[in-house]
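Participant: Would you mind keeping the following structure in view while I ask a few things?
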Amino acid sequence: MAMSKVLLALCKCILLVGLTKATYSKMNEQTVNVIDYSMKNLTSMPIFQQNSTTDINLRGNLLQVVPALSFQQSKKLKSLDLSMNKLNLIERGAFAGLTELIYLSLRDNKLTSNSLHVGIFQDLISLQDLNIHLNFFSYEYTLILQSEISHLKSLVRLGIDLRGQLQINKCFCKLSELQDLELVGLRRYSDNLFQNLKCLKIEILSLDSVVFLAPDTFICFPTLKTLRIRIVYRFATYDTISSIFNSFKVFKGKNMTEISIYNNPHRNGFVLGHRHFAVLQEICLQKIKFDG
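With the numbering used here, you'll find the sequence shown wraps up at 1054, consecutive numbering, no jumps.
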């Protein structure tokens, strides 16, 4: 009986080692410990005991819950990827103590208005990159979520859902370091949507699911350098591309690095010499990409 217990424990240990892929490398003279649990079909959170761990990848599993204190032994964690799971609950204290975390991805899960608690990000004082889009937050909760995110004073890049929003909350003005913004879920963009973002110096803007852009959609982004637009293929009309090019008029005379448009199903405006291109001649543009 004792021997069978020993063998069982040994098998569990071997299985755990097989699931874990840890790599060590030198980066700026510091040891980097990367644990890769991606695409392992995990249904529960593993136990992390490596105090030196800086990167944990849990992308593409079947996790539903992030328990409290899941990463209490990983205080030096810099990057945490929980994307493409089935998360519907993040318990209070799940990210407790992660004061050095720089990157967090919660995108493409099943998070709802009941999945997160007040102050969920309060310990993440170093966070610079947050991806929380492609979830199932209600319109009302999206407003609350914006308020929670506004406390992340170090945030440089943000990916967020904007379903049903008529205007982004002015609380985002607290994010004085924010430069890169990715918006998902909103199909029609009005002139007033970004009115409260005049206070920020956004340089990179990515819009997903676009069907229509108002003429002055981008007027509140005087520092914008890179613009990426992804059209909703199945809902696009012949007027979609016209509205997009019309919105570029606010960039007249400005220096820009890139304008990219993806998923235009009708190809009008992507033909060389089309009248839509006239507006681009008024922009000092380094790179343009059209992907129909």
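The beta carbon of each residue, even a glycine, is placed where N, CA and C say it ideally should be.
Keep in mind it's a predicted model, so treat the numbers as computed, not measured.
Kindly indicate which three-state DSSP category Cys961 falls into: helix, strand or coil?
Facilitator: It is coil, neither helix nor strand.
Participant: Which residue wins for smallest C-alpha separation from Arg1037, given the options Gly1015, Phe1052, Phe1007 and Ile1021?
Facilitator: For the residues Gly1015, Phe1052, Phe1007 and Ile1021, the minimum Cα distance to Arg1037 belongs to Phe1007.
Participant: Which value, in whole angstroms, describes the spacing of the CA atoms of Leu967 and Ser1005?
Facilitator: If I take the Cα positions, the gap works out to 17 Å.
Participant: Would you report the Cα separation of Phe974 and Leu825, rounded to the nearest angstrom?
Facilitator: Rounded to whole angstroms, Phe974 to Leu825 spans 36 Å at the Cα level.
Participant: Please list, in chain order, all residues of the same chain as Asn850 whose beta carbon is under 6 Å from its beta carbon, the five residues on each side excluded.
Facilitator: So the qualifying residues of the chain are Gln826, Lys872 and Ser877.
Participant: Residue ranges of each alpha helix (DSSP H) run of no fewer than 4 residues wholly in the segment 897 to 970, ordered along the chain?
Facilitator: Runs of the alpha helix (DSSP H) inside the segment 897 to 970: 901 to 911.
Participant: I need the straight-line Cα distance from Leu948 to Ser971, nearest angstrom please.
Facilitator: For Leu948 and Ser971, the distance between alpha carbons rounds to 6 Å.
Participant: Compute the distance between the beta-carbons of Ser888 and Glu862, then report whether it is under 8 Å.
Facilitator: A contact, by the Cβ cut-off of 8 Å.
Participant: Which one or two residues does DSSP pair with Phe1052 in a beta bridge?
Facilitator: Looking at the DSSP assignment, Phe1052 forms a beta bridge with Ile1023.
Participant: Give the DSSP bridge partners of Ile818, in chain order.
Facilitator: According to DSSP, which records beta bridges pairwise, Ile818 is partnered with Ile797 and Leu842.
Participant: By a C-beta neighbour count over all protein chains shown, 10 Å radius and 16 as the cutoff for buried, is Thr805 buried or exposed?
Facilitator: Looking at its Cβ environment, which holds fewer than 16 other Cβ atoms inside 10 Å, Thr805 is exposed.
Participant: Please list, in chain order, all residues of the same chain as Gly822 whose beta carbon is under 7 Å from its beta carbon, the five residues on each side excluded.
Facilitator: Excluding sequence neighbours, Gly822 sits near Ser800, Met801 and Met846.
Participant: Using the three-state DSSP reduction, which class does Ile852 fall into: helix, strand or coil?
Facilitator: Of the three classes helix, strand and coil, the one that applies to Ile852 here is strand, per DSSP.
Participant: For Met765, I'd like the list of residues in its chain whose CB is within less than 8 Å of its CB, leaving aside the five on either flank, ordered along the chain.
Facilitator: Any reading at Met765 needs caution, since the residue's pLDDT is 43, under 50, leaving its predicted position unreliable; the model's value is listed next. Same-chain partners within the cutoff: there are none.
Participant: Here's the rule I'm using: 16 or more other beta-carbon atoms within 10 Å means buried, otherwise exposed. How should Gly921 be labelled?
Facilitator: When all chains shown are included, Gly921 counts as buried.
Participant: Can you name the start and end residues of the beta strand (DSSP E) that Asn893 belongs to?
Facilitator: Counting along the chain, the beta strand (DSSP E) containing Asn893 begins and ends at Asp891 to Asn893.
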